[in-house]
Amino acid sequence: MLLAGNEYRSVKDPSLQRRGVSGVLVAHYGGQIAKNPLSRCQHGMSFRTNSPLEERVPKPMQTFLNEGQHCSPVSWQYSQCMNFKVKAGGKSHSYLCSNTYRSSNIVQREVYGLGLRKRKHTQTELGKATNIRVQYKSDEQYDAETKMDPLPSSEGTGEAILVEGNLQQVSPGWQQFPKRWVIVLLCFSAFLLCNMDRVNMSIAILPMSQQFNWNSATVGLIQSSFFWGYLLTQILGGIWADKLGGKVVLGFGVIWWSIATVLTPIAAKLGLPYLLIMRAFMGIGEGVAMPAMNNMISKWVPVSERSRSLALVYSGMYLGSVTGLAFSPLLIQKFGWPSVFYSFGSLGSVWFALWLRKAYSSPKDDPDLGTEEKRLILEGSVSKEPVTVIPWKLILSKAPVWALIVSHFCHNWGTFILLTWMPTYYNQVLKFNLTESGLLCVLPWLTMAIFANIGGWIADTLVSKGVSITAVRKIMQSIGFLGPAFFLTQLSHVRTPTMAVLCMACSQGCDAFSQSGLYSNHQDIGPRYAGVLLGLSNTAGVLAGVFGTAATGYILQRGSWNDVFKVSVALYLIGTLVWNFFSTGEKILD
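Next comes the structure, spelled out in structure tokens:
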């Protein structure tokens, strides 16, 4: 609950045009408050200026992130200070921002003050003090020209003081890193873990099938059981994320699938039905990841950075496959196949601790977010009204939505076959051993990680140069469909394992351009419902995974790998036609 979220802005200081100013800014919070003793107060302060700064001082300047303390039920006091340095010349509109949050809803009376602790910071110690009149502006208002009265308070004062001196700037460099990219990197790492925990089964299934005497049909059933649970939470995950916030939903998903990963060896030893249930449970957790991430990115990242941010997040999936496929054979050979699940699953707890501390569902919920970055994010934000009702009839009446659904199905058929069956293909067709199969599977995923980011950069560059978003999405997705279709047709003609691996790598490198195509399009056509839209289209994608993975097992019992690849190529061509005829980059849902 927000008690105070005020912006204290100074008026123009003509003296800064003649000389530079450096020194210390002090915030003092104090008063009486009656509330639950277990409540937690959070205080944050940041200083900003549009004046020229010394080169060693990054702009904007921000300090005191995540400050917090338990407040006394009777009274509380808290002080913060920061160093700053402003060069001479130009206009100076410097201001101090501060926020106070409380977790309990039992409040009878509160006093919020901002000022200088003159008892300890005297003029002698710090130099000449310059009092600057402060003006009050309510939170989330950014009109610098609005004239408002100074902060009134009968029980506390509001005063910002610039103190001259030659103090050194001490703000840590990490505090200047854009918070929106902290969110992107946390989503990236979540997707890294997501695919690490998913692909380990594609390697472990080889020794497991020997130990438990499973045939190809049983292996296909086990591989597809993951998608039973994954399918259940696609749309639900999008609804939860749009209503509850992406932080809660993604955090739940990571913990859930990590626990299921750790329990997989135990379930396998109990029997096949238990293993199928545990893999489905794992799918439930991973099913909410993409809708929740899409919700977070739609709120935190401006349109101009969307393709790059999504490409980076999805490259986490590819690098997760690289990591899982590279380390799984080594762990299996040294410690046995159960070690893969125990080691990979335990990493989720580390990520979850960071997520709880750093992530917020919306930039409006983050008390530590700097004003300039907040303005940048919110300038192009969607409606501030929360999603309460999903307009299903309107959504399903739009042709571009169905283009997303059909294209996602066509795309995922080939992608999930690669994810689950390629180690078996390398082992049975190309005659590589377990270690070689795992390591060679790394190359296509590594190629995807690289080309996803290249595609994101190209897409954002085209948009910045005036190319329409619709044209960019169609170009990127056409590469993502036609490239894999071409290289999969070449697999039936190659004669050496090296060329087969190269074709697979080129196929998946082209596939990665889809991250700047259909995977970015949900936020284009309906940013308020980004989580729901991705959940809807990815449901179709998961159905492709369920049917494609299981069908591959049956095709291989009666046919060949060439038949498997022909089905994928046909679906890629269908997806290309549907996407180019019916998709758009314009907003159609608001």
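Note that the working numbering gives residue 1194 to position 517 of the sequence shown, counting from 1, and the numbers run on in steps of one. Glycine is no exception: its CB is placed at the ideal position from the N, C-alpha and C atoms. Keep in mind that this is a model prediction, so the values were computed, not measured.
Practice prompt. Can you check the region 1087–1144 for any beta strand (DSSP E) of at least 3 residues that lies completely inside it and give the ranges in chain order?
Written response: Segments of the beta strand (DSSP E) lying fully in the region 1087–1144: there are none.
Item to complete: Tell me whether residue 1066 sits in a helix, a strand or coil according to DSSP, three-state version.
Response: For the purposes of this step, residue 1066 is taken as residue 389 along the sequence shown, with counting starting at 1. Note: residue 1066 maps to coil in three-state DSSP.
Worksheet entry | Buried or exposed (CB count within 10 angstroms, at least 16 for buried), residue 1333 | In the structure as shown, the chain begins at 678 and stops at 1267. Residue 1333 is therefore absent and cannot be evaluated.
Fill in: Residues of its chain near residue 986, where Cβ-Cβ distance is below 7 angstroms and the 5 sequence neighbours each way are ignored
Against the sequence shown, residue 986 aligns to sequence position 309. Close CB contacts of residue 986 within its chain, under the 7 angstroms cut and outside five residues either way in sequence, are with 861, 974 and 978 (chain order).
Discussion item. If I measure Cβ to Cβ from residue 1253 and keep anything under 7 angstroms in the same chain, skipping five residues before and after, which residues do I get?
Written reply: Translated into positions along the sequence shown, residue 1253 becomes position 576. So the qualifying residues of the chain are 1155, 1158 and 1159.
Worksheet entry | Residues near residue 1147 by beta carbon distance below 7 angstroms, same chain, minus five either side | Within the sequence shown, the letter at position 470 stands for residue 1147. Only 1261, 1262 and 1263 meet the Cβ criterion.
Discussion item. Judging by CA-CA distance, which residue of 1249, 1255, 857 and 1243 is the nearest neighbour of residue 1049?
Written reply: To locate residue 1049, count along the sequence shown from 1; it is residue 372. Answer by Cα proximity: 857.
Worksheet item: So is residue 892 buried or exposed if we call it buried at 16+ other beta carbons inside 10 Å?
Response: Locating residue 892 in the sequence shown gives position 215, where the first residue counts as 1. Taking all protein chains shown into account, residue 892 has fewer than 16 neighbouring C-beta atoms within 10 Å of its C-beta and is therefore exposed.
Item to complete: Quick one: residues in its chain with C-beta nearer than 6 angstroms to the C-beta of residue 1257, no 5 flanking neighbours on either side, listed in chain order?
Response: Here residue 1257 refers to the residue found at position 580 when the sequence shown is read from its first residue. Within the same chain, residue 1257 has close Cβ partners 1151.
Worksheet item: If you compare alpha carbons, which of 867, 1242 and 1215 is closest to residue 1198?
Response: Counting from one through the sequence shown, the residue named residue 1198 turns up at place 521. The shortest C-alpha separation from residue 1198 is found at 1215.
Item to complete: Select from 1097, 971 and 903 the residue whose C-alpha is nearest the C-alpha of residue 957.
Response: In the sequence shown, counting from the first residue as 1, residue 957 sits at position 280. Of the candidates 1097, 971 and 903, 903 places its Cα closest to the Cα of residue 957.
Worksheet item: If residue 1182 sits next to residue 1121, beta carbons under 8 angstroms apart, how far is it from one beta carbon to the other, in whole angstroms?
Response: Counting from one through the sequence shown, the residue named residue 1182 turns up at place 505. Counting from one through the sequence shown, the residue named residue 1121 turns up at place 444. Yes, residue 1182 and residue 1121 are in contact; Cβ-Cβ is about 5 angstroms, under 8 angstroms.
Discussion item. Rounded to whole angstroms, what is the Cα-Cα separation between residue 1191 and residue 972?
Written reply: Along the sequence shown, one-based indexing puts residue 1191 at 514. Along the sequence shown, one-based indexing puts residue 972 at 295. Each residue's alpha carbon lies about 19 angstroms from the other.
Worksheet item: Using 8 angstroms as the threshold, is the region 1070–1085 in touch with the region 1201–1212, meaning 3 or more CB pairs across them?
Response: Touching, yes.
Practice prompt. Starting from the C-beta of residue 960, find all residues in its chain whose C-beta is less than 7 angstroms away, skip the five residues before and the five after it, and write them out in chain order.
Written response: The residue you call residue 960 lines up with position 283 of the sequence shown. Hits under 7 angstroms: 903, 904, 905, 906 and 907.
Fill in: Simplified DSSP state of residue 854, which is helix, strand or coil
Numbered from 1 along the sequence shown, position 177 holds the residue referred to as residue 854. Reduced to three states, the DSSP call for residue 854 is coil.
Discussion item. To the nearest angstrom, how far is the alpha carbon of residue 1109 from that of residue 1021?
Written reply: Within the sequence shown, residue 1109 is the residue found at index 432, counting from 1. Within the sequence shown, residue 1021 is the residue found at index 344, counting from 1. Roughly 24 angstroms separates the two Cα atoms.
Worksheet entry | Residues near residue 1255 in its chain [Cβ-Cβ closer than 7 angstroms; skip 5 each side] | Within the sequence shown, the letter at position 578 stands for residue 1255. The beta carbon of residue 1255 is closer than 7 angstroms to those of 1080, 1083 and 1084 in its chain, skipping five residues each way along the sequence.
Discussion item. I'd like the list of long-range same chain contacts for residue 1127, defined as Cβ closer than 7 angstroms, with 5 residues on each side in sequence excluded.
Written reply: By 1-based counting over the sequence shown, the position of residue 1127 is 450. Residues of the same chain with a CB within less than 7 angstroms of the CB of residue 1127, apart from the 5 flanking positions on each side, do not exist.
Discussion item. Please state the DSSP three-state secondary structure of residue 1267.
Written reply: Against the sequence shown, residue 1267 aligns to sequence position 590. In the structure shown, residue 1267 sits in coil (DSSP, three-state: anything other than H, G, I, E or B).
Worksheet item: Is there at least one Cβ from chain C nearer than 8 angstroms to residue 1125's Cβ?
Response: No chain C appears in the structure shown, which is made up of a single protein chain.
Worksheet entry | Close beta carbons around residue 1141, own chain, < 8 angstroms, minus the five adjacent residues each side | If you number the sequence shown from 1, residue 1141 lands on position 464. Excluding the 5 residues flanking it on each side, residue 1141 has same chain C-beta neighbours closer than 8 angstroms at 981, in chain order.
Discussion item. My parser needs the alpha helix (DSSP H) runs of 4 or more residues fully inside the region 976–1046; what are they?
Written reply: DSSP runs (the alpha helix (DSSP H)) wholly in the region 976–1046: 983–1012 and 1015–1035.
Worksheet item: Can you tell me where the alpha helix (DSSP H) with residue 942 in it begins and where it stops?
Response: Along the sequence shown, one-based indexing puts residue 942 at 265. Run containing residue 942: 923–947, per the alpha helix (DSSP H) assignment.
Worksheet entry | Cut-off 7 angstroms between Cβ atoms - residues of its own chain near residue 909, not counting five sequence neighbours on either side | Taking the first residue of the sequence shown as 1, we reach residue 909 at position 232. 961 and 964, listed in sequence order.
Item to complete: May I ask you to report which of helix, strand or coil DSSP gives residue 819?
Response: Reading the sequence shown from its first residue, position 142 is the one you call residue 819. Confidence at residue 819 is low in this model, with a pLDDT of 34, below 50, so its placement is unreliable and no value can be given for it.
Worksheet item: What separation, rounded to the nearest whole angstrom, lies between the Cα atoms of residue 951 and residue 1222?
Response: Translated into the one-based positions of the sequence shown, residue 951 becomes position 274. Translated into the one-based positions of the sequence shown, residue 1222 becomes position 545. When the Cα atoms are used, residue 951 and residue 1222 turn out to be separated by approximately 21 angstroms.
Worksheet item: Just reading off the alpha helix (DSSP H) that residue 1212 is part of, what are its end residues?
Response: The residue labelled residue 1212 in the question sits at position 535 within the sequence shown. Its alpha helix (DSSP H) spans residues 1207–1235.
Item to complete: Compare the beta carbon distance of residue 1099 and residue 995 with 8 angstroms and say whether it is the shorter of the two.
Response: Counting from 1 along the sequence shown, the entry for residue 1099 is found at position 422. Counting from 1 along the sequence shown, the entry for residue 995 is found at position 318. Contact flag unset, no.
Worksheet item: CA-CA distance, residue 1029 and residue 1119?
Response: Counting from one through the sequence shown, the residue named residue 1029 turns up at place 352. Counting from one through the sequence shown, the residue named residue 1119 turns up at place 442. Separation of residue 1029 and residue 1119 (C-alpha to C-alpha, rounded to the nearest whole angstrom) is 26 angstroms.
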